[in-house]
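2 protein chains.
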Amino acid sequence: MTPFAAHVYAERRRRAAIQAAEAGLDGVLVTPGPDLVYFLGYTPAAVTERLTLLVIGAEDPDAAAVVVPRLEAHDLELGAVGGIEARPWSDGEDEHAVAARLLRDGGRYAISDAAWALHLLGLQRTLRSASFAAFTRALPMLRASKSPEEIARMAAAGAGADAAFREIVRRPFAGRRERDVAADLAELLLAHGHEQVDFTLVCAGENGADPHHEASDRAIREGDMVVLDFGGLADGYGSDTTRTVHVGEPTAAEREVHDVVRAAQQAGVDAVRPGATCEDVDRAARAVIDDAGFGEGFIHRTGHGIGLTTHEPPYMVAGETTPIAPGMCFSVEPGIYLPGRFGVRIEDIVVAFPQGVPGLDDAPEAAVRLNTSPRELLVVA
Amino acid sequence: MTPFAAHVYAERRRRAAIQAAEAGLDGVLVTPGPDLVYFLGYTPAAVTERLTLLVIGAEDPDAAAVVVPRLEAHDLELGAVGGIEARPWSDGEDEHAVAARLLRDGGRYAISDAAWALHLLGLQRTLRSASFAAFTRALPMLRASKSPEEIARMAAAGAGADAAFREIVRRPFAGRRERDVAADLAELLLAHGHEQVDFTLVCAGENGADPHHEASDRAIREGDMVVLDFGGLADGYGSDTTRTVHVGEPTAAEREVHDVVRAAQQAGVDAVRPGATCEDVDRAARAVIDDAGFGEGFIHRTGHGIGLTTHEPPYMVAGETTPIAPGMCFSVEPGIYLPGRFGVRIEDIVVAFPQGVPGLDDAPEAAVRLNTSPRELLVVA
């Protein structure tokens, strides 16, 4: 992944400190994974039981420190991010004590969602008066609004996924296995700028009724609806798009379900307006499906944030009352699932109210789709 | 990975319950990763923010339950493991409340090391009177002693890694980049029964002085010591072996360092005797290196347990006073690292006191190496 400039990382740490202070926190504790990539552009070669922990104090984010296994300390290129001190620890030392020295008695800290329980429990044991909250609960929206530089990467990832879709629908479906089409999709994502393929779901006929079906040996046949849901990382940022195609001419009933999902997806995107909340997007998409009588068949939330990870806040789900803010990137992906028959899902990543992103900021009060593959029901061979 | 028979999983749950009760715990909480593979033979397609949690009560391990996202519930083939009830939860539900209903007020539970902080904090918040301990602290040795069936898989993994080594040393080193040799090693591991390559470290000359150097564009040259450390998973179980080779004839000084490491490694293996503790293995290997005057150059622990993961208890490190028990599988891998010059490490996986494993149980009071590649300093071209 292309690193960002040092000032970008410094600015992210400062924003985290401000948000932490506003939330009544003394700082944020960051472990390997997307959070650490966000703040340091760093991923250990392997995530093991050895503790790596970036500590950003709410009061002095320019003097952050990172606890790191001594063996891995030299992999950290702290020069590139500026102002961060390494605190190496060696096998046999109590790494939680090393980390605790950077924290305050009675302090309250946000900690990365995916931090290991082993380490959280170690910190809790070592610093009994401190308290901890999961990052996405304490500071859910810290990574949610993307900068123009990040949005440009998200747009490139989306364009790569769309290019993969354009090619896959020209290839034959009937007679091939779901697994074969999935392998093609993976190859196409890599050919179109992705460095990592995270999922290539190919769900034919009755398998489409399972939103999490992946790809099996089932042969695709004439008459199948086929849900294609695929994505990965391109220059560190995620793509995720879904289209449902039909092998040969669809029936009127199949067309109807697809039309409902398409209208629901449009309604979800249209609901992204200044002042709207995340649950408004879910409600708008769901209303279309409910009104058409398919409410029972829409069994998941309408969307999820995306960025350095495929799933991150904000979630487009009932109860999520966070207002949609400029630069938020998330999926809008309603679906209808008819057990034993087929499923339909249509998914685009959208960015809310983009500004300062060349080519995307014509409508700064609306959502802009980062996926532009056709949303009508395509017929494949 | 080939599943084990249902009674194997049931027996593992029962042993966990017994150990939990002995440790004063009310049960164990298992999240995706090696622990869940151990107890259920199950890995979700993707580990996301959605909670999957197996709860094994200390009092009734035959009535375990697994909290699982509704979308993934059908991926769980509970028939194959017997006696486990699924507790699906849907988006929008409070999954920690669903899990907490399976726990006792005031209960004390072990939880997988790599459980997400998000979920541990969710459980702590939901069930304030409960307390939690990391699996490897509360029940460190639960997975440490392998069954004959597991040891047979470990032995096959080790044999595959040795076969890769036999082939790599016949290929040219001089003039190729570390990265090229690493790619060859990865390919050879896959060719020899591995389904996953976890690491292929190739560390030439001065890079060998960094135990965690991976592989770079540095060209390997005549006169280089080259550390090769590689492994992965074969039928679910880990391999991990290191040999240090020399391109062309080594100097007397290089031979001396290699001899010391080889003697240290032998001493570590010899220290595996009934009644010995893990730190005894570290002490024995370290003494040889200290006595030869290279103590400053041995900057890591002597070994780590291995099984479903590459690093797991028991650790061969000062302070680890756990007695070595029959069936424990761990690495013995001392090294000497001379900054700016070169490094030497020799690593075998050993199994302690194997019984009931055809071909390995001739010396039931000793360690048996699962890697049998030559340990003398091999000269490569």
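Protein chains in written order, with the working numbering: chain R, 1 to 381; chain B, 1001 to 1381. From the three backbone atoms N, C-alpha and C, an ideal C-beta is built for every residue, glycine too.
Review point. Since T1241 (chain B) meets chain R, which of its residues come closer than 7 Å, beta carbon to beta carbon?
Key: Residues of chain R passing the Cβ test: none, with the nearest at roughly 17 Å.
Check your understanding: Whose CA, out of B:A1100, B:L1076, B:R1176, B:R1137, lies closest to the CA of A1020 (chain B)?
Key -> For the residues B:A1100, B:L1076, B:R1176, B:R1137, the minimum Cα distance to A1020 (chain B) belongs to B:R1137.
Check your understanding: Looking at C-alpha atoms only, which residue of B:G1248, B:T1302, B:I1306 is the closest neighbour of V1380 (chain B)?
Key -> When only C-alpha atoms are compared, the closest one is B:G1248.
Review point. Would you say H212 (chain R) faces chain B, with C-beta separation under 9 Å as the test?
Key: So, interface residue.
Practice item. Return the CA-CA distance between A250 (chain R) and G223 (chain R), expressed in angstroms with no decimal places. Key: Correcting the residue identity first, residue 250 (chain R) is Pro in this sequence and not Ala. Approximately 7 Å, taken between the alpha carbons.
Check your understanding: Is the distance from the Cβ of G307 (chain R) to the Cβ of C278 (chain R) below 9 Å?
Key -> Taking 9 Å as the Cβ cut-off, G307 (chain R) and C278 (chain R) do not qualify as a contacting pair.
Practice item. Please look up how many angstroms separate the CB atoms of T241 (chain R) and F173 (chain R), rounded, as I've assumed it's under 8 Å. Key: So it is not a contact: roughly 18 Å between Cβ atoms.
**Study point:** Cβ separation of A1064 (chain B) and L1054 (chain B), assumed to be a contact under 8 Å, to the nearest whole Å
**Key:** A Cβ-Cβ separation of about 6 Å places A1064 (chain B) in contact with L1054 (chain B) under the 8 Å criterion.
Point to revise | Contacts around I1336 (chain B), its chain only, beta-carbon distance under 7 Å, and the 5 residues preceding and following it disregarded | key: Only V1257, V1260, V1261, I1289, F1294, G1297, F1298, G1343, V1344 meet the Cβ criterion.
Check your understanding: Buried or exposed: which applies to A1252 (chain B), given that a residue is buried once 16 or more other Cβ atoms fall within 10 Å of its Cβ?
Key -> With fewer than 16 Cβ atoms within 10 Å of its Cβ, A1252 (chain B) is classed as exposed.
Exercise for review: Kindly indicate the opening and closing residues of the alpha helix (DSSP H) around V1261 (chain B).
Suggested key: Counted as a single uninterrupted DSSP element, the alpha helix (DSSP H) harbouring V1261 (chain B) occupies residues 1252–1270.
**Study point:** Residue-level contact to chain R via CB, W1089 (chain B), 9 Å cutoff
**Key:** W1089 (chain B) does not count as touching chain R.
Check your understanding: Got a sec: is the Cβ-Cβ distance from G1319 (chain B) to anything in chain R below 9 Å?
Key -> By this cut-off, G1319 (chain B) is an interface position.
Review point. According to the neighbour-count rule (16 or more other Cβ atoms, all chains shown, within 10 Å of its Cβ), is Q1265 (chain B) buried or exposed?
Key: Classification of Q1265 (chain B): buried, given that the 10 Å Cβ count is 16 or more.
Point to revise | Through-space distance from R125 (chain R) to R1104 (chain B), alpha-carbon basis | key: It is roughly 22 Å from the alpha-carbon of R1104 (chain B) to the alpha-carbon of R125 (chain R).
Check your understanding: Taking the C-alpha atoms as reference points, what is the distance between L1185 (chain B) and E1167 (chain B)?
Key -> When rounded, the distance between both Cα atoms is 9 Å.
Practice item. Mind listing, in chain order, the continuous beta strand (DSSP E) runs of no fewer than 3 residues lying wholly within the region 1013–1070 of chain B? Key: Runs of the beta strand (DSSP E) inside the region 1013–1070 of chain B: 1027–1030, 1053–1057, 1064–1069.
Exercise for review: Starting from the Cα of P314 (chain R), find the closest Cα among R:M141, R:A134, R:G79, R:E72 and give me that residue.
Suggested key: Of the candidates R:M141, R:A134, R:G79, R:E72, the one whose C-alpha sits nearest the C-alpha of P314 (chain R) is R:M141.
Review point. Closer than 7 Å, Cβ to any Cβ of chain R: which residues of the region 1094–1120 of chain B, in chain order?
Key: Listed by position, the residues of the region 1094–1120 of chain B near chain R (Cβ gap below 7 Å) are I1111, S1112, D1113, A1114, A1115, W1116, A1117, L1118, L1120.
Point to revise | Supposed contact pair V202 (chain R) and L233 (chain R) - C-beta distance, whole angstroms, cut 8 Å | key: Not quite, the Cβ-Cβ distance comes to about 20 Å (not below 8 Å), so this is no contact.
Exercise for review: Under 7 Å Cβ to Cβ from V197 (chain R), same chain only, skipping five residues before and after it: list those, please.
Suggested key: So the list reads A186, L189, L190, G232, once near-sequence residues are dropped.
Practice item. Identify, in the order they occur along the chain, each residue of the same chain with its Cβ nearer than 6 Å to the Cβ of L1127 (chain B), setting aside the five sequence neighbours on each side. Key: The answer, listed in chain order, is A1100, L1103.
Practice item. Check whether the Cβ atoms of M225 (chain R) and E178 (chain R) sit closer than 9 Å, and answer yes or no. Key: In this structure, E178 (chain R) does not lie closer than 9 Å to M225 (chain R) by Cβ.
Exercise for review: Evaluate I1018 (chain B) with the Cβ neighbour count: other Cβ atoms within 10 Å of its Cβ, from every protein chain shown; 16 or more gives buried, anything less gives exposed.
Suggested key: Here I1018 (chain B) is exposed: its Cβ has fewer than 16 other Cβ atoms, across all protein chains shown, within 10 Å.
Check your understanding: Going by alpha carbons, who is nearest to V350 (chain R) out of R:A23, R:P374, R:D291, R:D270?
Key -> Of all alpha-carbon atoms in R:A23, R:P374, R:D291, R:D270, the one lying nearest the alpha-carbon of V350 (chain R) is that of R:D270.
Practice item. Answer with buried or exposed for D60 (chain R), where buried requires no fewer than 16 other C-beta atoms within 10 angstroms of its C-beta. Key: Within a 10 Å sphere around the beta-carbon of D60 (chain R) sit fewer than 16 other beta-carbons, which makes this residue exposed.
Exercise for review: Below 6 Å CB to CB, which residues in the same chain sit around P274 (chain R) once its five sequence neighbours on both sides are set aside?
Suggested key: Once the five neighbours on either side are set aside, the close Cβ partners of P274 (chain R) are E365.
**Study point:** Through-space distance from M1154 (chain B) to G1160 (chain B), alpha-carbon basis
**Key:** Straight-line measurement puts the Cα of M1154 (chain B) at about 10 Å from the Cα of G1160 (chain B).
Check your understanding: From S1287 (chain B) to V1368 (chain B), what does the alpha carbon distance come to, in whole angstroms?
Key -> One detail in the question is off: residue 1287 (chain B) reads as Ala in this sequence, not Ser. So the alpha carbons of these two residues sit roughly 21 Å apart.
Review point. Which residues in chain R sit within 8 Å of E941 (chain B), going by Cβ to Cβ distance?
Key: For residue 941 (chain B) there is no data in the structure shown, the boundaries of chain B being 1001 and 1381.
Check your understanding: Whose CA, out of R:N371, R:G268, R:V245, lies closest to the CA of G238 (chain R)?
Key -> Residue R:N371 is the option with its Cα nearest to G238 (chain R).
Review point. R345 (chain R) by DSSP, collapsed to three states: which one?
Key: Three-state result, R345 (chain R): strand.
Review point. Quick one, which residues of the region 273–301 of chain R are near chain B if we go by CB-CB under 8 Å, in chain order?
Key: Contacts with chain B (Cβ-Cβ distance below 8 Å) from the region 273–301 of chain R involve I299, H300, R301, listed in chain order.
Check your understanding: Could you check where the alpha helix (DSSP H) with P148 (chain R) kicks off and where it finishes?
Key -> Taken as a continuous stretch (DSSP letters only), the alpha helix (DSSP H) holding P148 (chain R) covers 148–168.
Review point. Would a check of beta-carbon distances place T1048 (chain B) closer than 9 Å to chain R?
Key: Yes - at least one Cβ of chain R is within 9 Å of the one on T1048 (chain B).
Check your understanding: Looking at the C-beta of E1347 (chain B), does it have a partner C-beta in chain R at a distance below 9 Å?
Key -> False, the Cβ-Cβ gap to chain R never drops below 9 Å.
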